[in-house]
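One structure is given below, encoded as structure tokens.
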Ligand code: GRF
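In our numbering, the protein residues as written are 4 to 210.
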């Protein structure tokens, strides 16, 4: 296959883990040809840890307080991922900035999902930002992770309309449906290979 990469994922989470679940479900239903080597959380109470264990996936909690700074923490995460021979890292609600050790260990091999149509509404509370800005269309984005927050090459996007009577909750729920659809799709695209990065652009090679 065209530069296909090994199909072993590591998923980093901090909370609920519904995107993790969408990846697990896609694998179980054979819509995504991959396996999850390990799930890592920076929070002990992340519900995603239980979701992983329920699916028979190793789940590791790494407490940031046990490390002196971000780089030593990131190196510990890299060690866990390397030990499970992970080839693609998926951030799924991981509420930490990704530092140099992780980026260098997985160049163009880290994906993130963000609940807006980037580059609009980076950072926290993207759904609230969109609602308060008054946009009529927002959405979800899966992108490759670079050193800048929510800024890397865009792999897949999905639009979601904003309705007059939306609240942050109703809008977030509608966006989440699209997140769960496009994340497995983006992972498959990355794993299949046949793409390159051209400046800011993620470009699929025509076959
Ligand atoms: C999602 O909205 C994702 O886009 C954002 O954080 C949220 C995580 O939700 N990065 P979950 O933990 O996957 O349910």
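For each residue, glycine too, the CB sits at the ideal point set by N, CA and C.
Any idea which residues DSSP pairs residue i with across the strands?
i, result
"residue 202", "DSSP output for residue 202 lists no bridge partner at all."
"residue 13", "41 and 92"
"residue 146", "115 and 157"
"residue 62", "42"
"residue 207", "198"
With 16 other CB atoms within 10 Å as the buried threshold, where does residue i fall?
i, result
"residue 76", "buried"
"residue 141", "buried"
"residue 189", "buried"
"residue 54", "buried"
"residue 33", "exposed"
"residue 57", "exposed"
"residue 130", "buried"
"residue 136", "exposed"
"residue 45", "buried"
"residue 176", "exposed"
"residue 9", "exposed"
"residue 4", "Note that residue 4 scores a pLDDT of 49, beneath 50, so its modelled location is shaky; the value from the coordinates is reported in the next line. By the neighbour-count rule (16 or more Cβ atoms within 10 Å), residue 4 is not buried but exposed."
Is it true that the CB of residue j sits closer than 9 Å to the CB of residue i?
i, j, result
"residue 37", "residue 191", "yes"
"residue 120", "residue 149", "no"
"residue 197", "residue 89", "no"
"residue 220", "residue 138", "With the chain running from 4 to 210 in the structure shown, residue 220 is simply not present."
"residue 211", "residue 146", "With the chain covering 4 to 210 only, the question about residue 211 has no answer from this structure."
"residue 154", "residue 122", "yes"
"residue 134", "residue 80", "no"
"residue 178", "residue 163", "yes"
"residue 51", "residue 23", "yes"
"residue 66", "residue 49", "no"
"residue 96", "residue 74", "no"
"residue 43", "residue 83", "yes"
I need the DSSP call for residue i, collapsed to helix, strand or coil.
i, result
"residue 189", "helix"
"residue 72", "coil"
"residue 160", "strand"
"residue 140", "strand"
"residue 133", "helix"
"residue 49", "coil"
"residue 33", "coil"
"residue 67", "helix"
Can you give me the Cβ contacts of residue i inside the same chain, cut-off strictly under 8 Å, excluding the 5 residues immediately before and after it?
i, result
"residue 87", "11, 13, 40, 41 and 61"
"residue 78", "104"
Which same chain residues, not among the five before or five after residue i, have their C-beta less than 7 Å away from its C-beta?
i, result
"residue 7", "194, 195 and 196"
"residue 25", "183, 186 and 187"
"residue 152", "100, 125 and 126"
"residue 112", "90, 91 and 92"
"residue 204", "156"
"residue 180", "none"
"residue 169", "134"
"residue 70", "76 and 79"
"residue 29", "35 and 187"
Using C-beta distances below 6 Å, list every residue in its chain close to residue i, excluding the 5 sequence neighbours before and after it, in chain order.
i, result
"residue 68", "none"
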